[in-house]
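Residue numbers (our numbering): 86 to 357. We put the beta carbon where it would ideally sit given N, CA and C, even for glycine. Input: a single structure, listed below in structure tokens.
Below you can see the structure in the form of structure tokens.
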């Protein structure tokens with residue numbers, strides 16, 4: 086197994102302030118960058134911020150494996166044509182892809198949770214149409230598109246079949262199915278593994294406290310996930326997504342950076 090270790094920039098204590106420097110200090114290979122919310126004007130769409138991240142990338146020698154678009158929590162990805170949010174979601178996705186192209190980042194992935202959760206077949210169909218649009222736009226720029234969701238294996242297979250684009254992938258998270266649904270996260274991993282992009286979120290938790298436990302201390306079977314990836318000789322990124330500033334994790338240590346350091350040590354040991 087050949088892996089690079091990263092973290093989501095918004096997970097770095099301080100909600101990402103000075104994140105590139107901290108990522109380098111902690112010995113990580115890189116970090117994913119959050120595109121930002123519609124409410125705050127999609128900060129990463131600004132060329133000045135793109136250039137700042139690129140400058141830090143060169144100075145520090147870190148990588149940016151993806152641009153994450155998490156605003157689907159608030160804005161329905163499967164917004165129907167003619168509704169208020171339909172053009173907003175299209176603009177958000179194309180701007181995120183443009184940012185990734187300029188920054189030479191290979192993947193833009195979207196989260197289909199909360200407002201963007203696929204609750205029925207119609208939601209899946211409109212979600213698939215949106216992904217087709219983004220895949221076609223991104224394909225011209227050599228960029229792949231990823232989808233992170235807590236849906237069933239059957240729903241995910243249907244989505245992949247409907248999108249039917251070579252640059253469309255699912256995005257695995259080691260915690261979400263275990264904490265947000267009744268599905269067996271390891272069964273999902275085994276069944277859907279061929280559809281995953283070689284980047285994955287790793288975190289831990291329990292039902293009601295997702296991403297709030299040091300790796301290996303929750304109920305998600307973190308070690309079993311890593312053992313499976315070793316058997317598959319996985320090659321790619323493992324990206325931390327624990328939230329070190331939230332209860333109950335922050336009770337471990339008043340210095341949140343020490344909790345982050347502990348999590349990194351567990352991950353590094355696990356993949357050796």
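- Message: Nearest by alpha-carbon distance to residue 29: which of 237, 248, 253 and 244 is it?
- Response: The structure shown has nothing for residue 29, since the chain only spans 86 to 357.
- Exposed unless 16 or more other CB atoms sit within 10 angstroms - verdict on residue 88: In the chain shown, residue 88 corresponds to position 3, counting from 1. So residue 88 ends up on the buried side.
- Quick one: what's got a C-beta closer than 7 angstroms to residue 390's C-beta in the same chain, skipping five residues either side? The structure shown does not extend to residue 390, since the chain spans only 86 to 357, so no value can be given for it.
- Under three-state DSSP, which class holds residue 284? Here residue 284 corresponds to residue number 199 of the chain shown, with the count starting at 1. In this structure, residue 284 counts as strand in the three-state DSSP scheme.
- Below 6 angstroms CB to CB, which residues in the same chain sit around residue 331 once its five sequence neighbours on both sides are set aside? The residue given as residue 331 occupies position 246 in the chain shown. These residues qualify, in order along the chain: 297.
- Enumerate in chain order the residues of its own chain whose CB-to-CB distance from residue 320 is below 8 angstroms, with the five nearest sequence positions on each side excluded. For this step, residue 320 is matched to residue 235 along the chain shown. The residues are 86, 87, 88 and 283.
- Message: Ignoring anything shorter than 4 residues, give me the alpha helix (DSSP H) runs that lie fully in the region 151-202, in order along the chain.
- Response: 170-188
- Among 224, 131, 324 and 200, which one has its Cα closest to the Cα of residue 155? On the chain shown, residue 155 is found 70 positions in, with the first residue counted as 1. When only C-alpha atoms are compared, the closest one is 200.
- Query: By how many angstroms is the C-alpha of residue 104 removed from the C-alpha of residue 110?
  - Reply: Locating residue 110 in the chain shown gives position 25, where the first residue counts as 1. Locating residue 104 in the chain shown gives position 19, where the first residue counts as 1. Answer to the nearest angstrom: the Cα atoms are 10 angstroms apart.
- Item | Inter-residue Cα distance where the pair is residue 250 and residue 224 | Looking up residue 250 in the chain shown gives position 165. Looking up residue 224 in the chain shown gives position 139. C-alpha separation (whole angstroms): 9 angstroms.
- Indicate the three-state DSSP secondary structure (helix, strand or coil) for residue 298 in the structure shown. For the purposes of this step, residue 298 is taken as residue 213 along the chain shown, with counting starting at 1. In this structure, residue 298 counts as strand in the three-state DSSP scheme.
- Message: With a threshold of 6 angstroms on Cβ separation, who are the neighbours of residue 244 within its own chain once the five nearest residues in sequence on each side are excluded?
- Response: To locate residue 244, count along the chain shown from 1; it is residue 159. Only 209 and 213 meet the Cβ criterion.
- Message: Taking the alpha carbon of residue 139 as the reference point, which residue from 115, 301 and 281 has its own alpha carbon closest?
- Response: Locating residue 139 in the chain shown gives position 54, where the first residue counts as 1. Nearest option by C-alpha distance: 115.
- Which listed residue (90, 96 and 226) has its alpha carbon closest to that of residue 341: Taking the chain shown and counting its residues from 1, the one referred to as residue 341 is at position 256. Ranking 90, 96 and 226 by Cα distance to residue 341 puts 96 first.
- How big is the Cα-Cα spacing for residue 144 and residue 136? Here residue 144 is taken as the residue at index 59 of the chain shown, counted from 1. Here residue 136 is taken as the residue at index 51 of the chain shown, counted from 1. If you take the alpha carbons of residue 144 and residue 136, they lie about 12 angstroms apart.
- Task: Pull up the distance between the alpha-carbon of residue 124 and that of residue 164, whole angstroms please.
- Result: The residue given as residue 124 occupies position 39 in the chain shown. The residue given as residue 164 occupies position 79 in the chain shown. If you take the alpha carbons of residue 124 and residue 164, they lie about 17 angstroms apart.
- Item | residue 304 to residue 167 span [Cα, whole Å] | Numbered from 1 along the chain shown, position 219 holds the residue referred to as residue 304. Numbered from 1 along the chain shown, position 82 holds the residue referred to as residue 167. Those two C-alpha atoms are separated by around 43 angstroms.
- Message: Tell me the residue span of the beta strand (DSSP E) that contains residue 289.
- Response: Mapped onto the chain shown, residue 289 falls at position 204. From DSSP, the beta strand (DSSP E) with residue 289 extends over 289-291.
- Query: Does residue 193 get closer than 8 angstroms to chain C when you measure Cβ to Cβ?
  - Reply: The question asks about chain C, but that chain is absent: this structure has only one protein chain.
- Task: Take the Cβ of residue 287 as the centre, count every other Cβ of all protein chains shown within 10 Å, and call the residue buried at 16 or more, exposed below.
- Result: Numbered from its first residue, the chain shown carries residue 287 at position 202. Counting Cβ neighbours within 10 Å, residue 287 comes out buried, since at least 16 surround it.
- Answer yes or no: do residue 195 and residue 235 have a C-beta to C-beta separation smaller than 8 angstroms? Working through the chain shown from its first residue, we reach residue 195 at position 110. Working through the chain shown from its first residue, we reach residue 235 at position 150. Contact flag unset, no.
- Message: Could you tell me the alpha carbon to alpha carbon distance between residue 344 and residue 333, rounded to whole angstroms?
- Response: Walking along the chain shown from the start, residue 344 turns up at place 259. Walking along the chain shown from the start, residue 333 turns up at place 248. If I take the Cα positions, the gap works out to 12 angstroms.
- Query: Anyone know if the C-beta pair for residue 314 and residue 348 falls short of 8 angstroms?
  - Reply: The residue labelled residue 314 in the question sits at position 229 within the chain shown. The residue labelled residue 348 in the question sits at position 263 within the chain shown. Not a contact, by the Cβ cut-off of 8 angstroms.
- Residue interval of the beta strand (DSSP E) (run including residue 93): Here residue 93 corresponds to residue number 8 of the chain shown, with the count starting at 1. Where residue 93 is concerned, the enclosing beta strand (DSSP E) stretches over 87-93.
- Task: Run the CB neighbour count on residue 289, radius 10 Å, all protein chains shown included, and call it buried at 16 or more, exposed below.
- Result: Walking along the chain shown from the start, residue 289 turns up at place 204. By the 10 Å Cβ count, residue 289 comes out buried.
- Message: What residue range does the beta strand (DSSP E) around residue 111 cover?
- Response: Residue numbering aside, residue 111 sits at position 26 when the chain shown is read from its first letter. Note, residue 111: premise wrong, no beta strand (DSSP E); not H, not E.
- Query: Residues bridged to residue 229 by DSSP?
  - Reply: Walking along the chain shown from the start, residue 229 turns up at place 144. Beta-bridge pairing links residue 229 to 192.
- Item | CA nearest to the CA of residue 357, picked from 108, 180 and 311 | Reading the chain shown from its first residue, position 272 is the one you call residue 357. The shortest C-alpha separation from residue 357 is found at 311.
- Query: If you draw a straight line from the alpha carbon of residue 216 to that of residue 132, how long is it in whole angstroms?
  - Reply: Translated into the one-based positions of the chain shown, residue 216 becomes position 131. Translated into the one-based positions of the chain shown, residue 132 becomes position 47. In a straight line, the C-alpha of residue 216 is about 25 angstroms away from that of residue 132.
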